[in-house]
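This report concerns only the one structure given below.
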Amino acid sequence: MKYIIANWKSNKVLSDATDWVEKVGPQLTKNEEVTTIVCPPSLYLEEISKAVQVLGSDLKVGSQNISAFPFGSYTGEETAEMVKQFGDYSIVGHSERRKNFAETDEIVGDKVTRALEAGLIPIFCVQDEQTPIPEGVTIVAYEPVFAIGTGTPDTPQNANEVCMNIVSTHPDCVVLYGGSVTAENAKQFLAQEYISGLLIGKASLDPEEFVKIVEFA
Ligand code: PGA
């Protein structure tokens, strides 16, 4: 199974978001070997999940983040239960959240706990083999900071080695690669033995480019 995940980050107004789903959704052929997931801003989760249903598309939906807390007095937060109404996945521990929102290993660990309690599958981001991976995580994304949004990806060989090392210490996990993946380089990453998919930021914004990457998988 390969996972191809679109992480839009803080991009797109709602009409562009639904437009993307209308373009990408019908082009995904039913395929047991590939799981395609879109992670829009949380504000659009309901609309996106409805659009996916209307299209009868195979596209899965996830959030880019969830609260570390359960329901309660946490102004501005979206809990895992809220997200679960509209999708099955959540990215947890992205380096942009660690850097810009001061998320620590402890906080991201709490988020994994909340996700699992709510029945959401966490897509857990690590920067290298040293990042602690909480119990219960089954999908890991290796995203070296130097490669995120820079146009300079890791080499497929090195990424494969890191993914292999993570799998060897976490045999229950599949490991994806993320960081400056494009339609040009995706094939090389997907050809690596230990890379079980891709987490894609910038190149996922364009529906055509994203579909090309899914087709390689
Ligand atoms: P990028 O982002 O593809 O724009 O480098 C990847 C990510 O941060 O998930």
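Heads up: the sequence shown begins at 49 in this note's numbering, then just goes up one per residue.
Ideal placement from N, C-alpha and C gives every residue a C-beta, glycine not left out.
- If you look at Phe-172, you'll find it in the beta strand (DSSP E) that goes 169-174.
- Contact check for Ala-251 against Val-229 passes: the beta carbons are separated by less than 7 angstroms.
- Contact annotation: Ala-128 and Ala-150 have beta-carbon atoms that are not nearer than 7 angstroms.
- In this structure, the C-beta of Val-188 stays at least 6 angstroms away from each heavy atom of the ligand PGA.
- If you draw a straight line from the Cα of Glu-241 to the Cα of Asn-208, it is about 7 angstroms long.
- The Cβ neighbour count for Glu-144, taken over all protein chains shown within 10 Å, is at least 16; the residue is labelled buried.
- Closest option to Lys-71, judged by alpha-carbon separation, among Asn-206, Ala-189, Leu-238, Val-86: Val-86.
- Of the candidates Cys-211, Gly-73, Cys-221, the residue whose Cα lies closest to the Cα of Glu-183 is Cys-221.
- Residue environment: Leu-246 is assigned as buried (16 or more neighbouring CB atoms within 10 Å of its CB, all protein chains considered).
- In the same chain as Ala-234, and ignoring 5 residues on each side of it, the C-beta atoms closer than 7 angstroms to its own belong to Leu-246, Ile-261, Phe-264, in chain order.
- Residue burial is scored here from C-beta neighbours: Leu-62 has fewer than 16 other C-beta atoms within 10 angstroms and is therefore classed as exposed.
- Here the distance from the Cβ of Lys-250 to the nearest heavy atom of the ligand PGA is below 6 angstroms.
- Per DSSP, the continuous beta strand (DSSP E) segment holding Leu-247 begins and ends at 245-248.
- Asn-213 and Gln-178 have their alpha carbons spaced roughly 10 angstroms apart.
- Rounded to the nearest whole angstrom, the C-alpha separation of Thr-217 and Lys-147 is 26 angstroms.
- Rounded to whole angstroms, the gap between the alpha carbons of Ile-96 and Pro-88 is 8 angstroms.
- Gly-249 sits close to Asn-55, with the two beta carbons spaced by under 7 angstroms.
- Distance from Gly-227 to Ile-181 at the Cβ level is roughly 18 angstroms; contact not present, criterion being Cβ atoms closer than 8 angstroms.
- In this structure, the ligand PGA has no non-hydrogen atom nearer than 6 angstroms to the beta-carbon of Ile-52.
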